[in-house]
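S.K.: Residue numbers (my numbering), protein chains in the order written: chain A, 1 to 315; chain B, 316 to 630; chain C, 631 to 945.
Virtual Cβ for every residue (Gly too), placed ideally from N, Cα, C.
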Amino acid sequence: MNDLKGYFKGEHIVSFDQFDPRSLDVLFTIAKQMREVAQNAKPSRLLEGNIATLLFYEPSSRTMGSFDAAMKQLGGNTVVVTNPQQFSSAAKGESFQDTIRTFEAYCDVIVLRHPETGSVAKAASIAMHVPVINAGDGIGEHPTQALLDLFTIFELKGRLSGLKGLVAGDLLNGRTVHSLLKGLNLYGGNIVYLLAPKELQLPMEFPDSNLTLVTVEDAHDIPRDCDFWYWTRVQKERFSNPADYERVNNRFVVTQAMLDTYGSRHMILMHPLPRVGEIEDAVDEDPRAVYLKSQIRNGMYVRMALLALVLGKAP
Amino acid sequence: MNDLKGYFKGEHIVSFDQFDPRSLDVLFTIAKQMREVAQNAKPSRLLEGNIATLLFYEPSSRTMGSFDAAMKQLGGNTVVVTNPQQFSSAAKGESFQDTIRTFEAYCDVIVLRHPETGSVAKAASIAMHVPVINAGDGIGEHPTQALLDLFTIFELKGRLSGLKGLVAGDLLNGRTVHSLLKGLNLYGGNIVYLLAPKELQLPMEFPDSNLTLVTVEDAHDIPRDCDFWYWTRVQKERFSNPADYERVNNRFVVTQAMLDTYGSRHMILMHPLPRVGEIEDAVDEDPRAVYLKSQIRNGMYVRMALLALVLGKAP
Amino acid sequence: MNDLKGYFKGEHIVSFDQFDPRSLDVLFTIAKQMREVAQNAKPSRLLEGNIATLLFYEPSSRTMGSFDAAMKQLGGNTVVVTNPQQFSSAAKGESFQDTIRTFEAYCDVIVLRHPETGSVAKAASIAMHVPVINAGDGIGEHPTQALLDLFTIFELKGRLSGLKGLVAGDLLNGRTVHSLLKGLNLYGGNIVYLLAPKELQLPMEFPDSNLTLVTVEDAHDIPRDCDFWYWTRVQKERFSNPADYERVNNRFVVTQAMLDTYGSRHMILMHPLPRVGEIEDAVDEDPRAVYLKSQIRNGMYVRMALLALVLGKAP
């Protein structure tokens, strides 16, 4: 590992496309150590004296809380700036460039959330002294979400190749699904079943790749030996005709009966959260349900690892 | 004390009713040590590496500031989440359960403020890994306010039994008064005089108890040897007829003359704050006035003690 | 230096007028050490255990971020309270006095931003235990802005006397300009050229002083050997007649051509920020442009120094 600690040092983390199996291996190895820090080896002073500016142009308590806690779990601290377009000099007409140049002066790393696609890449090109980490830019990228999903599979299934999985729900608009598939395509021998309303089919292909995609039309077509299910929400507003939504909605709710019928014993059930009814609460108690138990925490561990890496302080 | 340090470890603090004289003795002993930390023995690293999520569904700068400072005085840190119902996934329809499960993943303790009575008890039943502390749930409980009031009497009068006191103002709706009386009822030989407009009399009784309650009708009926006065606000909106309010309002303002006429020399004058005129500013300089001098600080010390206890790190 | 470390200990920082060349020398010497801390000597524990309450009655992400980072760069922490008039007991009618007395109880220093002139002086007269630092009170004072401007000249030109400079833009309303001139007037032999629309001329005089002021009417009257230019914004809303604004506006934008024609090689180009077009973006790359490169960071260093001084912990 010693020669890998320099990975990402000082680098902007703009897109999931920056990662390959080798760098993911580094990241996930460190994320596991971070879990140990947060659970058993506190206090850590790894990032003592380091400051992250959490620059959020739109609210996102969950992502902000995760990054905020990640810095603090490692003994670092944060400066929180929300809605600068409304409450700061940006409201007086200051350019995005001047805002980024201002807030980078106070800190060692900027974590940026912005409603406009491409704005994190723009910020990365502006910042002269500190790395910028993408915490979601509109319908663009949200790389740490993708990283935590892959890390969860890696950790709980022990590998990222030779997997059989299911992704279900809104595959057309589901940014997290697209990133997950991109990630699995980096490894060999994965096969993923796609279950979606006909209005919300996957819009992308992975030709000439090791990733095999198989469209299924109903739950009874799901193979009984999946390693994971990755469930997402079907949003009412995606349908021009409300009746179409009502027709498909019930088919896209995970119940205990459905899990017991179609799921394997060793599988894990994932969800990017938030959920609004598409997995029944009763399922939470099933040991296979990992969205609350593992994914949320893994998000913090992956962010801890990423912050340590870009700050050049990975353990 | 050694055998008492385990008190409250990992426990939710939902209601003042969880406390008895033995546990209050533990808490107040530690709160005194916390005053020493904040005033003379800084920096403390008692809670280094620990994170409290301050989850506030309604704003309360005072209570939030007190808890926030309490963690930081002890070398801990906080993740602040305000109005998650508006700014986070909860706005997208996420359940209260998922919100609690999410934010507990980032921290070691949740401090929860919520406008609905019972929501802290609900959160406590949801949280699987961390204790939840009630920072006020609507017209329900606000146990740390009650604890700081009792601690202030204990500290400044040296005991919580054999006291003679006065509570005045709105005794009908005054949550802090009700908790104070409950607390004094845990000890022996206390007598409390009640002074309130006839519309706002105390709605509860303490039959078969050691606490003696005596209703008085006017200031000249207050015994001259009280150990404490606990004053509260009479709110205009409690009266259906504004004329009734005007009639009683002047009688429920503490002036220096009134304090000198009816108060004892050794008494303390308390108020839960905020006040809006019901104690004249001139009275602040009187050494008996402890609402600004002691109660606010004591609130922080009690919260420091409570955080240390539930985190299993009491000194 | 040893005998100077006590400077400002426990003092309120309300106005720039509290400073003289001797105390500025102390402050700037420490600010240079602070730059070393932030850039090379992290982590610092100088302010470990100390808490600053950032009490902001109006939003100002830039100033708040700078103070917030300043505390954290030194191992201290902050309690952030925004808009207490809206979100705290102040909303219930609590007096300014009670609000200050409350928040001082939680911390070691209050940093106060308020829209009303004089409110910081008022807060300073109320606070009984902790120093109050002015982070801007309406059209009144914003002393740390003035201090960072002087520090920038001192650091980059090596002295604060015998300088030749230009101030340009809105000299009538420009609070930062007035403070800068006051500062330069503390030292000997400075000459400052004033370039402003006739509607926005400097409203003050410095009679019987060492500071020489010379009004110029156009860019070609600027002497070619200035040590600094200090540029400010001409705001449209200052003109009753929009046509007047249009007429002057173009003359008050710094372009690369203008800088190359009228500026000296060794000069520095300053701006208090935010800017809204009055310095062309292309100029940012010029080594003489120090508003983004130096001034923002210097603001943090000066605030670090000031916090350490009032807390009695200057290195």
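In the DSSP assignment, what are the bridge partners of A/Leu-194?
M.R.: According to DSSP, A/Leu-194 bridges with A/Val-167, A/Thr-215.
S.K.: Three or more C-beta pairs under 8 Å: does that hold for the stretch 643 to 659 of chain C against the stretch 730 to 738 of chain C?
M.R.: no
S.K.: For B/Cys-541, would you say it is in contact with chain A, using Cβ-to-Cβ distances shorter than 9 Å as the test?
M.R.: no
S.K.: Give the straight-line distance between the Cα atoms of C/Glu-746 and C/Gly-766, rounded to the nearest whole angstrom.
M.R.: C/Glu-746 and C/Gly-766: Cα-Cα distance of roughly 9 Å.
S.K.: Quick one: Cα of B/Thr-527 to Cα of B/Leu-501, how far?
M.R.: 12 Å
S.K.: Mapping DSSP to helix, strand and coil, what is C/Gly-929?
M.R.: helix
S.K.: Sort A/Phe-16, A/Ser-15, A/Asp-98, A/Gly-76 by Cα distance to C/Ile-907 and report the nearest one.
M.R.: Checking the sequence shown, residue 907 of chain C turns out to be Gly, not Ile. Nearest C-alpha to C/Gly-907: A/Asp-98.
S.K.: Should C/Met-631 be flagged as near chain B, meaning a C-beta pair shorter than 9 Å?
M.R.: With a pLDDT of 46 at C/Met-631, under the threshold of 50, the predicted position of this residue should be treated as unreliable, and no value is reported.
S.K.: Just checking: is the beta-carbon of B/Gln-388 within a distance shorter than 9 Å of some beta-carbon in chain A?
M.R.: With 9 Å as the cut-off, B/Gln-388 does not count as an interface residue toward chain A.
S.K.: Below 9 Å between beta carbons: does that hold for C/Ile-681 and B/Ala-558?
M.R.: no
S.K.: Could you name the residues of the same chain whose beta carbon sits closer than 7 Å to that of C/Glu-641, not counting the 5 residues immediately before and after it, in chain order?
M.R.: Pro-761, Val-940
S.K.: Which residues in the same chain have their Cβ closer than 8 Å to the Cβ of C/Ala-938, if we skip the five residues on either side of it in sequence?
M.R.: Answer for C/Ala-938: Ile-660, Met-664, Leu-676, Leu-677, Leu-704, Ala-944, Pro-945, listed in chain order.
S.K.: Scan the stretch 392 to 456 of chain B and note each continuous alpha helix (DSSP H) run of 4 residues or more that stays entirely inside, going in chain order.
M.R.: 399 to 402, 411 to 419, 434 to 441
S.K.: With respect to the alpha helix (DSSP H) encompassing C/Tyr-637, which residues constitute its N-terminal and C-terminal limits?
M.R.: Per DSSP, C/Tyr-637 belongs to no alpha helix (DSSP H) and is neither H nor E.
S.K.: For A/Gly-93, go through chain C and note every residue whose CB falls closer than 7 Å to its CB, in chain order.
M.R.: Within chain C, Val-906 have C-beta atoms less than 7 Å from the C-beta of A/Gly-93, given in sequence order.
S.K.: What does C/Arg-743 touch in chain B if you count any residue whose Cβ is under 7 Å from its own?
M.R.: Those do not exist, as C/Arg-743 stays about 15 Å from chain B at its closest Cβ, beyond 7 Å.
S.K.: To the nearest whole angstrom, what separates the beta carbons of A/Ile-153 and A/Leu-160, a pair I think is in contact under 8 Å?
M.R.: 6 Å
S.K.: By DSSP, does C/Asn-900 sit in helix, in strand, or in coil?
M.R.: Reading the sequence as shown, one finds Met at residue 900 of chain C and not Asn. Reduced to three states, the DSSP call for C/Met-900 is strand.
S.K.: If you count every other CB in all the chains shown that lies within 10 Å of the CB of B/Glu-561, and 16 or more means buried, which is it?
M.R.: exposed
S.K.: For B/Glu-363, which residues in chain A fall below 7 Å Cβ to Cβ?
M.R.: Pro-43
S.K.: Rounding to the nearest angstrom, what Cα-Cα distance links B/Thr-530 and B/Leu-509 in this structure?
M.R.: Each residue's alpha carbon lies about 5 Å from the other.
S.K.: Just the Cα atoms here: how many angstroms apart are B/His-444 and A/Tyr-301?
M.R.: 17 Å
S.K.: When you compare the stretch 507 to 524 of chain B with the stretch 577 to 589 of chain B, are there three or more beta-carbon pairs, one atom per stretch, that lie closer than 8 Å?
M.R.: Contact between the stretch 507 to 524 of chain B and the stretch 577 to 589 of chain B is absent: fewer than 3 CB-CB pairs across the two stretches fall below 8 Å.
S.K.: Taking DSSP as the reference, what is the three-state secondary structure of C/Thr-683?
M.R.: Looking at C/Thr-683 - three-state DSSP - the assignment turns out to be strand.
S.K.: Anything in chain A within Cβ reach of B/Pro-399, meaning under 7 Å, just list it in chain order.
M.R.: Ser-61
S.K.: How big is the Cα-Cα spacing for A/Pro-84 and A/Tyr-57?
M.R.: 6 Å
S.K.: Could you have a look at C/Val-884 and say whether DSSP puts it in helix, strand or coil?
M.R.: When secondary structure is reduced to three states using DSSP, C/Val-884 falls in the strand class.
S.K.: For B/Arg-573 and B/Asn-556, what's the separation of their Cα atoms in angstroms?
M.R.: At residue 573 of chain B the sequence reads Met, which differs from the Arg that was named. Each residue's alpha carbon lies about 27 Å from the other.
S.K.: Verify the CB distance criterion: does C/Ala-754 have a CB-CB separation below 9 Å to chain B?
M.R.: No - not a single Cβ of chain B is within 9 Å of the one on C/Ala-754.
S.K.: Just how far apart, CA to CA, sit C/His-850 and C/Gly-818?
M.R.: About 27 Å.
S.K.: Specify the secondary structure class of B/Tyr-502 as computed by DSSP and reduced to three states.
M.R.: coil
S.K.: Relative to the alpha-carbon of C/Gly-748, which residue among C/Ile-821, C/Met-834, C/His-772, C/Met-934 has its alpha-carbon at the smallest distance?
M.R.: C/His-772
S.K.: Check each candidate in B/Gln-333, B/Ile-594, B/Lys-479 and name the one with the smallest Cα separation from B/Ile-537.
M.R.: It is B/Lys-479.
S.K.: So, helix, strand or coil for C/Ile-852, using DSSP?
M.R.: The answer is coil: DSSP assigns C/Ile-852 none of H, G, I, E or B.
S.K.: A/Ala-69 versus chain B: which residues are under 7 Å apart at the beta carbon?
M.R.: Ile-366, Val-394, Tyr-421, Cys-422
S.K.: In angstroms, rounded to a whole number, what distance separates the CA positions of B/Thr-570 and B/Arg-603?
M.R.: So the two alpha carbons sit approximately 13 Å from each other.
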